[in-house]
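There are 6 protein chains.
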Amino acid sequence: MRMVDVGAKDKTERTAIAECWLRMSPEALSRVRESRVEKGDVFAAAKLAAIMAAKQTPSLLPLCHPLGLTSVELEVEAGEGGMHFVARVKTCERTGVEMEALTAVSIAALTAWDMLKSTDKGMCMEGLRLLEKSGGRSGHWKNPAVFRP
Amino acid sequence: MRMVDVGAKDKTERTAIAECWLRMSPEALSRVRESRVEKGDVFAAAKLAAIMAAKQTPSLLPLCHPLGLTSVELEVEAGEGGMHFVARVKTCERTGVEMEALTAVSIAALTAWDMLKSTDKGMCMEGLRLLEKSGGRSGHWKNPAVFRP
Amino acid sequence: MRMVDVGAKDKTERTAIAECWLRMSPEALSRVRESRVEKGDVFAAAKLAAIMAAKQTPSLLPLCHPLGLTSVELEVEAGEGGMHFVARVKTCERTGVEMEALTAVSIAALTAWDMLKSTDKGMCMEGLRLLEKSGGRSGHWKNPAVFRP
Amino acid sequence: MRMVDVGAKDKTERTAIAECWLRMSPEALSRVRESRVEKGDVFAAAKLAAIMAAKQTPSLLPLCHPLGLTSVELEVEAGEGGMHFVARVKTCERTGVEMEALTAVSIAALTAWDMLKSTDKGMCMEGLRLLEKSGGRSGHWKNPAVFRP
Amino acid sequence: MRMVDVGAKDKTERTAIAECWLRMSPEALSRVRESRVEKGDVFAAAKLAAIMAAKQTPSLLPLCHPLGLTSVELEVEAGEGGMHFVARVKTCERTGVEMEALTAVSIAALTAWDMLKSTDKGMCMEGLRLLEKSGGRSGHWKNPAVFRP
Amino acid sequence: MRMVDVGAKDKTERTAIAECWLRMSPEALSRVRESRVEKGDVFAAAKLAAIMAAKQTPSLLPLCHPLGLTSVELEVEAGEGGMHFVARVKTCERTGVEMEALTAVSIAALTAWDMLKSTDKGMCMEGLRLLEKSGGRSGHWKNPAVFRP
Numbered sequence: 001m002r003m004v005d006v007g008a009k010d011k012t013e014r015t016a017i018a019e020c021w022l023r024m025s026p027e028a029l030s031r032v033r034e035s036r037v038e039k040g041d042v043f044a045a046a047k048l049a050a051i052m053a054a055k056q057t058p059s060l061l062p063l064c065h066p067l068g069l070t071s072v073e074l075e076v077e078a079g080e081g082g083m084h085f086v087a088r089v090k091t092c093e094r095t096g097v098e099m100e101a102l103t104a105v106s107i108a109a110l111t112a113w114d115m116l117k118s119t120d121k122g123m124c125m126e127g128l129r130l131l132e133k134s135g136g137r138s139g140h141w142k143n144p145a146v147f148r149p
Numbered sequence: 001m002r003m004v005d006v007g008a009k010d011k012t013e014r015t016a017i018a019e020c021w022l023r024m025s026p027e028a029l030s031r032v033r034e035s036r037v038e039k040g041d042v043f044a045a046a047k048l049a050a051i052m053a054a055k056q057t058p059s060l061l062p063l064c065h066p067l068g069l070t071s072v073e074l075e076v077e078a079g080e081g082g083m084h085f086v087a088r089v090k091t092c093e094r095t096g097v098e099m100e101a102l103t104a105v106s107i108a109a110l111t112a113w114d115m116l117k118s119t120d121k122g123m124c125m126e127g128l129r130l131l132e133k134s135g136g137r138s139g140h141w142k143n144p145a146v147f148r149p
Numbered sequence: 001m002r003m004v005d006v007g008a009k010d011k012t013e014r015t016a017i018a019e020c021w022l023r024m025s026p027e028a029l030s031r032v033r034e035s036r037v038e039k040g041d042v043f044a045a046a047k048l049a050a051i052m053a054a055k056q057t058p059s060l061l062p063l064c065h066p067l068g069l070t071s072v073e074l075e076v077e078a079g080e081g082g083m084h085f086v087a088r089v090k091t092c093e094r095t096g097v098e099m100e101a102l103t104a105v106s107i108a109a110l111t112a113w114d115m116l117k118s119t120d121k122g123m124c125m126e127g128l129r130l131l132e133k134s135g136g137r138s139g140h141w142k143n144p145a146v147f148r149p
Numbered sequence: 001m002r003m004v005d006v007g008a009k010d011k012t013e014r015t016a017i018a019e020c021w022l023r024m025s026p027e028a029l030s031r032v033r034e035s036r037v038e039k040g041d042v043f044a045a046a047k048l049a050a051i052m053a054a055k056q057t058p059s060l061l062p063l064c065h066p067l068g069l070t071s072v073e074l075e076v077e078a079g080e081g082g083m084h085f086v087a088r089v090k091t092c093e094r095t096g097v098e099m100e101a102l103t104a105v106s107i108a109a110l111t112a113w114d115m116l117k118s119t120d121k122g123m124c125m126e127g128l129r130l131l132e133k134s135g136g137r138s139g140h141w142k143n144p145a146v147f148r149p
Numbered sequence: 001m002r003m004v005d006v007g008a009k010d011k012t013e014r015t016a017i018a019e020c021w022l023r024m025s026p027e028a029l030s031r032v033r034e035s036r037v038e039k040g041d042v043f044a045a046a047k048l049a050a051i052m053a054a055k056q057t058p059s060l061l062p063l064c065h066p067l068g069l070t071s072v073e074l075e076v077e078a079g080e081g082g083m084h085f086v087a088r089v090k091t092c093e094r095t096g097v098e099m100e101a102l103t104a105v106s107i108a109a110l111t112a113w114d115m116l117k118s119t120d121k122g123m124c125m126e127g128l129r130l131l132e133k134s135g136g137r138s139g140h141w142k143n144p145a146v147f148r149p
Numbered sequence: 001m002r003m004v005d006v007g008a009k010d011k012t013e014r015t016a017i018a019e020c021w022l023r024m025s026p027e028a029l030s031r032v033r034e035s036r037v038e039k040g041d042v043f044a045a046a047k048l049a050a051i052m053a054a055k056q057t058p059s060l061l062p063l064c065h066p067l068g069l070t071s072v073e074l075e076v077e078a079g080e081g082g083m084h085f086v087a088r089v090k091t092c093e094r095t096g097v098e099m100e101a102l103t104a105v106s107i108a109a110l111t112a113w114d115m116l117k118s119t120d121k122g123m124c125m126e127g128l129r130l131l132e133k134s135g136g137r138s139g140h141w142k143n144p145a146v147f148r149p
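If you read the protein sequences in the order shown, they are chains A, B, C, D, E and F.
Numbered per the working numbering, the first sequence finishes at 149, counting up by one with no gaps.
Numbered per the working numbering, the second sequence finishes at 149, counting up by one with no gaps.
Numbered per the working numbering, the third sequence finishes at 149, counting up by one with no gaps.
Numbered per the working numbering, the fourth sequence finishes at 149, counting up by one with no gaps.
Numbered per the working numbering, the fifth sequence finishes at 149, counting up by one with no gaps.
Numbered per the working numbering, the sixth sequence finishes at 149, counting up by one with no gaps.
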């Protein structure tokens with residue numbers, strides 16, 4: 001078990017985009033859509049929690065490097081059957097930010113979950129995956145698979 | 001937006017069980033099964049990260065109450081098509097530990113992800129959900145839905 | 001220097017209310033009022049940051065006891081000359097939550113500051129003080145002084 | 001709500017200086033002056049808490065970037081009517097450290113508060129503001145306003 | 001790997017006392033004794049760092065339970081050949097605080113180390129051990145061994 | 001008390017190696033050797049805890065700079081009379097990582113302690129010291145002293 005040595009890698013701009021879905025009951029989803037969630041604004045809470053979680057990634061995932069992040073952004077939509085979350089994270093460091101984007105998107109979904117759990121105990125997170133990454137030696141990568149919730 | 005007042009609720013033993021799946025390529029899965037993951041022991045890392053993440057839940061999910069946890073446990077299996085994670089969390093406090101169990105299980109999966117990402121960029125987390133909760137006013141609840149990854 | 005021993009004190013319901021003002025330029029204030037702050041919703045961000053900061057109090061203030069909080073709430077208003085923040089924190093522990101309420105309110109104001117600093121570098125936080133506390137041996141206390149920003 | 005992209009900004013030396021006042025009763029102030037505070041050395045505690053808080057800024061203020069800090073320093077004085085705190089923070093990163101200096105100075109004052117609250121419940125923090133910032137595109141800025149506590 | 005279930009244990013007052021030695025060069029030790037350490041007051045810094053570290057124990061040691069602490073105290077002395085640290089920690093919870101006391105005492109010594117390392121690179125921490133514990137099913141225990149640095 | 005200004009120092013590769021011993025009873029040591037520790041795999045837990053602790057160093061030691069680490073690694077052996085821990089930490093920053101290596105090694109030993117304390121309350125940590133450091137103005141340094149546990 002070790003944090004791999006990235007000292008010989010270049011500092012370049014690196015980006016990662018991740019997504020996930022939170023499937024929920026029609027009742028829960030309409031509360032989200034109509035801003036009738038008792039605990040408050042789910043969209044704002046998910047966005048802030050995502051940004052803060054991206055910064056906490058190295059203290060959550062044991063082998064992640066502590067990194068300066070230059071940008072974190074979360075988009076949330078109430079789609080069909082549930083909410084859709086997309087996180088974009090950027091850095092100018094020696095290693096990529098896939099794990100930061102994945103952490104951001106999963107904590108965003110769990111934040112929404114926490115606010116909706118009194119309405120729906122049976123929610124399910126799905127399709128949490130990396131959509132795209134760029135920068136660094138391995139260059140640009142796009143997830144070839146299509147996910148349909 | 002507020003942390004709801006649980007001051008009037010009783011301190012009782014409360015349990016929550018959550019699960020998720022991490023789907024991965026056959027190559028990644030056989031590395032897990034044969035302990036050939038370069039970064040180390042995925043099972044041990046996932047278990048420890050899950051326990052530590054359960055304790056961090058209130059600093060990740062904005063509206064969660066800070067709680068004393070009496071027990072946290074993670075089971076990991078290399079199943080068909082991927083890894084399966086189950087977290088069990090207990091407390092003797094005024095509110096339940098669903099979010100702690102869900103956080104534990106998702107950080108466990110992300111820890112495995114981080115260790116396997118050089119082999120498979122296309123992994124996908126699925127079926128992250130609550131399986132069971134007990135204790136508190138709402139009593140015992142079992143997720144009626146069946147999830148097949 | 002020591003964290004005082006509260007082992008002999010009773011577990012009772014304890015509440016604390018704190019307030020502060022963030023004075024800002026008319027330009028900054030009208031942006032807040034008209035939701036024209038580029039970084040997003042100042043009210044939602046301040047509320048969430050306050051709740052999370054209340055939970056971080058023992059890791060910020062060296063001599064504070066780690067406590068279970070049963071409730072945290074923040075009210076924000078765009079008043080005359082600036083924004084007004086009021087935090088209410090509750091616990092059922094052996095010691096009070098004044099410091100949690102004061103920390104919540106100051107981090108709420110700094111969160112607003114961070115979102116407005118590109119518009120106004122000259123903001124000033126004022127009147128950060130305890131308004132009320134109840135519970136515990138010293139009973140109910142109300143701040144006798146009137147603060148006018 | 002988003003952490004703004006600073007990837008295109010230059011790494012330059014950036015400094016920020018912030019101040020605040022903690023007004024207190026003559027009794028509390030003379031305890032500070034004569035080192036008769038039961039909980040210990042208020043000056044040392046405020047200084048350490050300020051330095052540690054500056055480092056915690058990105059986990060307190062949701063939209064702040066995680067930054068390497070090259071220097072943090074706090075000056076404390078027992079002045080007329082209360083204590084005066086000045087924090088100086090430096091970095092060589094892509095964005096400024098105003099929020100770090102403001103956070104440092106406010107946590108320093110709250111640390112003193114915590115140590116003095118058994119003597120004076122009615123303390124008030126005032127004049128928390130940025131005094132000066134330099135480095136980066138916007139150059140050198142000095143707060144033109146004079147604050148008299 | 002699991003956090004053991006303490007749900008069935010009683011809430012009782014529990015105490016733990018731990019100690020360690022930091023051996024250093026005569027030059028370093030005389031700087032400590034004569035308050036000539038450039039970075040500041042080693043005694044105050046060690047005390048505060050110990051108290052804060054005790055509170056961080058569950059986020060440092062993976063299998064430790066999150067606990068409310070009722071008291072934390074550190075004594076530091078400049079003895080023969082080095083500094084001596086003793087931490088006393090108390091709780092009224094379902095499990096003991098040995099690890100909190102040991103963590104406090106080791107972070108206290110490392111804090112002193114950090115402040116003295118420009119004078120002496122060759123310092124050595126020794127005799128870090130539990131001196132005494134009481135409360136809980138196993139009752140009162142005193143370390144029978146004598147440690148001579 | 002201040003975090004010294006390292007803004008004028010060069011960014012160079014810097015390495016630090018630290019070690020310590022955890023002396024324990026033959027019974028505890030044979031449990032480690034034969035993987036009969038009830039709480040789980042001591043080696044894996046110590047390694048992960050060490051890596052995570054290295055990253056937490058600036059929030060534990062008040063005057064440490066927040067740093068990007070490029071590599072952290074822990075070796076653990078069950079030797080004669082106890083366990084031996086060696087941590088290697090690297091950075092490409094303006095200041096060294098001695099404190100990160102020392103923190104890693106001490107938290108690794110405390111993690112083992114926590115897992116073994118039900119078998120042996122009388123364990124003792126010894127010989128915690130810096131073995132080697134390189135990089136930066138002071139160049140390569142090796143600890144000239146020999147430590148025999």
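Virtual Cβ for every residue (Gly too), placed ideally from N, Cα, C.
Just so it is clear, the structure is predicted and the values come from calculations on it, not from any experiment.
Contact set between the segment 17–40 of chain F and chain E, restricted to residues whose Cβ is under 7 Å from the partner:
Lys39 and Gly40
Put Lys142 (chain F) into one of helix, strand or coil per three-state DSSP.
strand
For Ser106 (chain E), which three-state DSSP category applies?
helix
What residues in its chain sit with their C-beta under 8 Å from that of Leu131 (chain A), if we drop five residues either side in the sequence?
Ile17, Ala18, Glu19, Val86, Lys142 and Asn143
Given this structure, state the Cα-to-Cα distance separating Arg33 (chain E) from Asp41 (chain E), to the nearest angstrom.
10 Å
From Thr158 (chain B) to Arg137 (chain B), what distance separates their C-alpha atoms?
Summary: the structure shown does not reach residue 158 (chain B), with chain B confined to residues 1 through 149, and so no result is reported for it.
Consult DSSP for Met1 (chain D) and reduce its assignment to one of helix, strand or coil.
coil
Count the other C-beta atoms from every protein chain shown that fall within 10 angstroms of the C-beta of Ser71 (chain A), then say buried if there are 16 or more, exposed otherwise.
buried
List the residues of chain E that Val72 (chain B) touches, going by C-beta distances under 8 Å, in chain order.
Arg2 and Met3
Using a cut-off of 9 Å between C-beta atoms, extract the partners of Glu100 (chain B) located in chain E.
Near Glu100 (chain B) there are no residues of chain E at all, since even the closest Cβ is about 10 Å away, more than 9 Å.
Contact under 9 Å by Cβ, Lys90 (chain E) with Asp10 (chain C)
no
Neighbour-count burial assignment, His84 (chain A), 16 or more Cβ in a 10 Å radius
buried
So with Cβ pairs under 9 Å, would you call Arg94 (chain F) a contact of chain E?
no
Where do the N-terminal and C-terminal ends of the beta strand (DSSP E) with Arg129 (chain E) fall, by residue?
Cys124 to Ser134
Three-state secondary structure assigned by DSSP to Glu19 (chain E):
strand
Selection from E:Arg23, E:Met99, E:Ile107 and E:Arg31 that minimises the alpha carbon distance to Asp114 (chain F)
E:Met99
Could you check which residue in E:Gly122, E:Ala49, E:Arg36 and E:Met123 has the C-alpha nearest to that of Leu74 (chain E)?
E:Ala49
Whose C-alpha, out of E:Val37, E:Ser59 and E:Leu63, is nearest the C-alpha of Ala44 (chain B)?
E:Leu63
Report the rounded CA-to-CA distance for Gly96 (chain D) versus Thr111 (chain C), giving the unit in angstroms.
15 Å
For His140 (chain C), count neighbouring C-beta atoms within 10 Å of its own C-beta (all shown protein chains included) and say buried if the count is 16 or more, exposed if not.
exposed
Buried versus exposed call for Glu93 (chain D) [16 or more other C-beta atoms within 10 Å across all chains shown]
buried
How about Ala82 (chain F) and Met24 (chain F): are their beta carbons less than 9 Å apart?
Correcting the residue type first, residue 82 (chain F) is Gly in the shown sequence and not Ala. Yes, these two residues count as a Cβ contact at 9 Å.
Return yes when the Cβ of Val76 (chain D) is within less than 9 Å of the Cβ of Ala54 (chain D), no when it is not.
no
Measure the alpha-carbon distance for Arg36 (chain E) versus Thr15 (chain C) and round it to whole angstroms.
45 Å
Secondary structure of Phe85 (chain E), DSSP reduced to three states:
strand
For a cutoff of 9 Å on Cβ pairs, would you count Leu67 (chain E) as touching chain B?
yes
Is Ser138 (chain A) close to chain F, meaning its C-beta is less than 9 Å from at least one C-beta of that chain?
no
Roughly how many angstroms lie between the CA atoms of Thr119 (chain E) and Pro26 (chain E), to the nearest whole one?
10 Å
Neighbour list for Leu48 (chain E) in chain C, Cβ cutoff strictly below 7 Å
Met1 and Pro62
If we ignore side chains and look at the alpha-carbon of each, how far apart do Met125 (chain E) and Leu60 (chain C) end up?
27 Å
Helix, strand or coil for Thr95 (chain E) per DSSP?
coil
For Ala78 (chain A), the three-state DSSP class (helix, strand or coil)
strand
State buried or exposed for Ala78 (chain A), treating a residue as buried only when at least 16 other CB atoms are found within 10 Å of its CB.
buried
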